[in-house]
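Residue numbers (the working numbering): 1 to 106.
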(Lines of atoms letter the chains of each structure in order from A and count residues from 1; the text may use other names and numbers.)
(Lines give C-alpha, C1' and ligand atoms only; values in the text may rest on other atoms or scores of the structure.)
Protein backbone atom coordinates (compact mmCIF):
# COMPACT_ATOMS: atom_id res chain seq x y z
CA UNK A 1 0.00 0.00 0.00
CA UNK A 2 1.31 3.44 -0.93
CA UNK A 3 -0.17 6.14 1.27
CA UNK A 4 0.43 9.58 2.69
CA UNK A 5 -0.14 10.31 6.38
CA UNK A 6 -1.64 13.74 7.05
CA UNK A 7 -2.64 15.69 10.14
CA UNK A 8 -5.79 17.74 10.68
CA UNK A 9 -6.19 20.92 8.63
CA UNK A 10 -6.43 24.33 10.24
CA UNK A 11 -9.84 25.88 9.68
CA UNK A 12 -10.07 29.47 8.54
CA UNK A 13 -12.80 32.05 8.12
CA UNK A 14 -13.73 30.80 4.64
CA UNK A 15 -14.03 27.09 5.53
CA UNK A 16 -17.73 26.16 5.67
CA UNK A 17 -18.93 24.18 8.68
CA UNK A 18 -18.85 20.39 8.43
CA UNK A 19 -22.14 18.52 8.14
CA UNK A 20 -21.55 15.23 9.97
CA UNK A 21 -25.20 14.15 9.65
CA UNK A 22 -24.79 14.11 5.86
CA UNK A 23 -21.20 12.80 6.08
CA UNK A 24 -19.89 15.99 4.42
CA UNK A 25 -16.53 17.14 5.77
CA UNK A 26 -14.98 20.33 4.40
CA UNK A 27 -11.82 20.00 6.43
CA UNK A 28 -9.59 17.26 7.73
CA UNK A 29 -10.62 17.53 11.41
CA UNK A 30 -9.89 14.16 13.00
CA UNK A 31 -11.04 15.30 16.45
CA UNK A 32 -14.48 16.32 15.17
CA UNK A 33 -14.85 13.07 13.22
CA UNK A 34 -13.87 11.08 16.32
CA UNK A 35 -16.37 12.97 18.50
CA UNK A 36 -19.20 12.50 16.01
CA UNK A 37 -18.61 8.76 15.58
CA UNK A 38 -17.70 8.30 19.29
CA UNK A 39 -14.31 6.80 18.46
CA UNK A 40 -10.82 7.12 19.86
CA UNK A 41 -8.56 7.96 16.91
CA UNK A 42 -4.98 9.02 16.50
CA UNK A 43 -4.86 12.56 15.07
CA UNK A 44 -3.91 11.60 11.49
CA UNK A 45 -5.58 10.44 8.29
CA UNK A 46 -4.14 8.17 5.62
CA UNK A 47 -4.56 9.07 1.94
CA UNK A 48 -4.17 6.25 -0.56
CA UNK A 49 -1.68 6.99 -3.36
CA UNK A 50 -1.46 4.98 -6.56
CA UNK A 51 -3.97 2.67 -8.21
CA UNK A 52 -6.16 0.43 -6.05
CA UNK A 53 -6.17 -3.28 -6.71
CA UNK A 54 -9.85 -3.89 -5.97
CA UNK A 55 -12.72 -4.97 -8.19
CA UNK A 56 -15.06 -2.01 -7.70
CA UNK A 57 -12.34 0.65 -7.95
CA UNK A 58 -12.87 2.09 -4.47
CA UNK A 59 -11.29 3.80 -2.67
CA UNK A 60 -10.20 6.16 -5.42
CA UNK A 61 -6.54 7.04 -4.79
CA UNK A 62 -5.00 10.47 -5.02
CA UNK A 63 -1.81 11.17 -6.90
CA UNK A 64 0.00 12.38 -3.76
CA UNK A 65 0.96 15.72 -5.27
CA UNK A 66 0.14 18.77 -3.23
CA UNK A 67 0.20 21.83 -5.44
CA UNK A 68 -0.36 25.33 -4.17
CA UNK A 69 -1.51 28.09 -6.46
CA UNK A 70 0.85 31.01 -6.85
CA UNK A 71 -1.20 33.89 -8.21
CA UNK A 72 0.71 36.65 -6.44
CA UNK A 73 1.60 38.49 -9.65
CA UNK A 74 -2.03 38.50 -10.74
CA UNK A 75 -3.12 39.79 -7.33
CA UNK A 76 -0.45 42.49 -7.39
CA UNK A 77 -1.48 43.65 -10.87
CA UNK A 78 -5.13 43.69 -9.83
CA UNK A 79 -4.57 45.73 -6.67
CA UNK A 80 -2.13 48.16 -8.28
CA UNK A 81 -4.66 48.62 -11.09
CA UNK A 82 -7.43 49.31 -8.59
CA UNK A 83 -5.15 51.73 -6.73
CA UNK A 84 -4.28 53.54 -9.96
CA UNK A 85 -7.95 53.77 -10.89
CA UNK A 86 -8.82 55.25 -7.50
CA UNK A 87 -6.03 57.82 -7.89
CA UNK A 88 -7.29 58.84 -11.34
CA UNK A 89 -10.92 59.10 -10.22
CA UNK A 90 -9.88 60.96 -7.05
CA UNK A 91 -7.76 63.37 -9.09
CA UNK A 92 -10.62 64.04 -11.50
CA UNK A 93 -13.00 64.60 -8.60
CA UNK A 94 -10.64 67.07 -6.91
CA UNK A 95 -10.04 68.89 -10.21
CA UNK A 96 -13.79 69.19 -10.84
CA UNK A 97 -14.39 70.30 -7.25
CA UNK A 98 -11.72 73.06 -7.57
CA UNK A 99 -13.26 74.26 -10.85
CA UNK A 100 -16.68 74.48 -9.23
CA UNK A 101 -15.26 76.51 -6.31
CA UNK A 102 -13.41 78.92 -8.63
CA UNK A 103 -16.55 79.41 -10.76
CA UNK A 104 -18.58 80.24 -7.64
CA UNK A 105 -16.00 82.84 -6.50
CA UNK A 106 -15.95 84.57 -9.88
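Built from N, CA and C at the ideal position, the CB exists for glycine as well.
Values in this document were obtained by computation on a predicted structure and should not be read as measured data.
I'd like to know if the region 21–39 and the region 55–71 are in contact, where contact means that at least 3 CB-CB pairs between them fall below 8 Å. Fewer than three Cβ pairs drawn from the region 21–39 and the region 55–71 lie within less than 8 Å of each other, which leaves the two stretches out of contact.
Residue 12 and residue 29 - do their beta-carbons sit closer together than 8 Å? As a first step, residue 29 is located in the chain shown; it is residue number 29 there, counting from the start. As a first step, residue 12 is located in the chain shown; it is residue number 12 there, counting from the start. The answer is no: Cβ separation not under 8 Å.
What residue does the alpha helix (DSSP H) around residue 100 start on, and which one ends it? Taking the first residue of the chain shown as position 1, residue 100 is located at position 100. Unbroken alpha helix (DSSP H) run through residue 100: 72–105.
Could you give the C-beta distance for residue 7 and residue 46, rounded to a whole number, given that I count them as a contact under 8 Å? On the chain shown, position 7 is the one that residue 7 refers to. On the chain shown, position 46 is the one that residue 46 refers to. By a beta-carbon distance limit of 8 Å, residue 7 does not contact residue 46. Their separation comes to about 11 Å.
Please list the terminal residues of the continuous beta strand (DSSP E) segment that includes residue 6. The residue given as residue 6 occupies position 6 in the chain shown. Where residue 6 is concerned, the enclosing beta strand (DSSP E) stretches over 2–7.
Bridge partner(s) assigned by DSSP for residue 49: Residue numbering aside, residue 49 sits at position 49 when the chain shown is read from its first letter. Within the DSSP secondary-structure output, residue 49 pairs in a beta bridge with 2 and 62.
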